[in-house]
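Numbering (the working numbering) for the sequence shown: 5 to 316. Okay, structure first, notes after.
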Amino acid sequence: MKVTVVGAGNVGATCADVLAYREIANEIVLVDIKEGFAEGKALDIWQKSPINLYDSRTVGVTNDYSRTAGSDVVVITSGLPRKPGMSRDDLISTNAGIVKSVTENVVKHSPDAIIIVVSNPLDVMTYAAHITSKLPRARVMGMAGILDTARYRAFLAEELNVSPKDIQAVLMGGHGDTMVPLPRYTTVGGIPVTELIAEDKLNAIIERTKNGGGELVKLMGTSAWYAPGSAAAQMVEAIVKDQRRVFPVCVKLEGEYGIDGVYLGVPVILGKNGIEKVLELQLNEEEKQLLEVSRGHVKDVMEVLDKINATA
5 MKVTVVGAGN VGATCADVLA YREIANEIVL VDIKEGFAEG KALDIWQKSP INLYDSRTVG
65 VTNDYSRTAG SDVVVITSGL PRKPGMSRDD LISTNAGIVK SVTENVVKHS PDAIIIVVSN
125 PLDVMTYAAH ITSKLPRARV MGMAGILDTA RYRAFLAEEL NVSPKDIQAV LMGGHGDTMV
185 PLPRYTTVGG IPVTELIAED KLNAIIERTK NGGGELVKLM GTSAWYAPGS AAAQMVEAIV
245 KDQRRVFPVC VKLEGEYGID GVYLGVPVIL GKNGIEKVLE LQLNEEEKQL LEVSRGHVKD
305 VMEVLDKINA TA
C-alpha cells in the first residue's frame, strides 16, 4: 500500500508520522513545494523507526509528483493556515488555486487514488478537489467530522472525568461555526449523554466545539495539527484496511437529507472503495433547521468559488 501526503507542514507531517508509526502503509510519500522540507520531515520520521519499531518507509520529495505514482490514498493538506482574526472564508481564493493544482497532479499520476482533503475552508476545498478531479463522490472527501467529534468527545471526557474511549458522538454540517452537534446521538458507554450532564454545561461544550479551531488559533497563533493530522490518518486506515468504520465525513450530498449538490459532513461507512454508503439519520425539526443553516453557509462559500472560477 502506498499513501501520499501533500503538504509537509504540521498537519501533513503529523499525518505521515501517525501512518508510519501505525504501519498503515508500506510507503508514505511526503510532497511539499519548499525545497528539502518534505525530504527532511520524511527522513526524521524514518530515523525513529528503529526506536518505535515500525517498517513503513517515509520518503520526501519537492514538487515531484512522479514519485507519488500509484498511490492508493492521497491526503491533501496544502494551503495557507489561518492566522488570528482570519476566517476560513478569507482563505478561499488562494487555497482553491493550490488545491486545484495539487489535485490535477494527483489524478495525473494516481488516477485510481482516493482523495482526502484537509485544506481549509474544508467544505469548499473538498468541492474544489471534486470538480477538478472529476472522480466519483465516493473517492473525494473532506476530513472535518472526525476532528470535530474528537474535540467534542475530549471536552465531554474532561467534564465528566471519564475515558474518551467510551464516548461516541455524531456531528453534521459544515466545518466551523455552523457545524451541527447531535446530543441525541451522543453516548458515554452506551448511556445517553443527556442523562449524565446538565443541559447548560452540555450547551457550553457544544459551543466550545463549534469554535474549537479558533480557540487553538488564539492560543498558538496558527491552526492545530496533532488532532487534524491524526484524524486524517484514521480515515486513511479505515480505507486501506477496509474497516468499514462509521465516521462523519464531508461529501457531496445527492439528495440525502433533502440536500443536493452541497458538500457537508454526514455519517458514512468508510472502506476500501472510499465512501461505501452515506447514512441518513432521522433528524428532528430542530436538527433539520440547524443543518439547513449550515447548508446555506457552505453553499454561499461554494458560490464564492464559482465566481472565482468564472472570472479565472
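Ideal Cβ placement from N, Cα and C applies to all residues, glycine included.
C-beta atoms of residue i and residue j nearer than 9 Å
| i | j | result |
| --- | --- | --- |
| isoleucine 118 | valine 144 | yes |
| valine 240 | valine 255 | no |
| isoleucine 150 | valine 253 | yes |
| tyrosine 261 | leucine 295 | yes |
| leucine 160 | valine 192 | yes |
| tyrosine 69 | asparagine 109 | yes |
| valine 184 | glutamate 291 | yes |
| isoleucine 55 | alanine 46 | no |
| valine 244 | aspartate 116 | no |
| threonine 198 | arginine 212 | no |
| valine 128 | isoleucine 96 | yes |
| arginine 249 | glycine 278 | no |
| methionine 176 | leucine 268 | yes |
| lysine 104 | alanine 73 | no |
| isoleucine 28 | serine 60 | yes |
Residue i - DSSP class collapsed to helix/strand/coil
| i | result |
| --- | --- |
| valine 106 | helix |
| threonine 136 | helix |
| isoleucine 195 | strand |
| proline 115 | coil |
| leucine 84 | coil |
| leucine 257 | strand |
Start and end residues, beta strand (DSSP E) containing residue i
| i | result |
| --- | --- |
| valine 122 | Per DSSP, valine 122 belongs to no beta strand (DSSP E) and is neither H nor E. |
| leucine 274 | 264-275 |
| threonine 8 | 6-10 |
| glycine 278 | 278-282 |
Residue range of the alpha helix (DSSP H) that includes residue i
| i | result |
| --- | --- |
| aspartate 36 | Run containing aspartate 36: none in the alpha helix (DSSP H); it sits in the beta strand (DSSP E), 31-36. |
| valine 319 | Because residue 319 is not part of the residues shown, which for the chain are 5 to 316, the question remains open. |
| methionine 306 | 289-315 |
| tyrosine 25 | 14-25 |
Check: How do the segment 164-174 and the segment 128-142 stand: do at least 3 beta-carbon pairs fall below 8 Å, yes or no?
Finding: no
Notebook entry, point to check: Whole alpha helix (DSSP H) runs in the segment 201-254 with 4 or more residues, listed along the chain?
Noted result: 203-214, 216-224, 230-244
Check: Is there contact here, the segment 112-127 with the segment 228-248, by at least three beta-carbon pairs under 8 Å?
Finding: yes
Next item on the list: Only counting runs of 4 or more residues, tell me where the alpha helix (DSSP H) segments fall wholly within the segment 33-71, in order along the chain.
Entry: 41-51, 53-56
Next item on the list: Would you list, in sequence order, the uninterrupted beta strand (DSSP E) runs of no fewer than 3 residues that lie entirely inside the segment 140-176?
Entry: 144-146
Next item on the list: Would you check if the segment 48-65 and the segment 10-30 touch, i.e. whether three or more CB-CB distances between them fall below 8 Å?
Entry: yes
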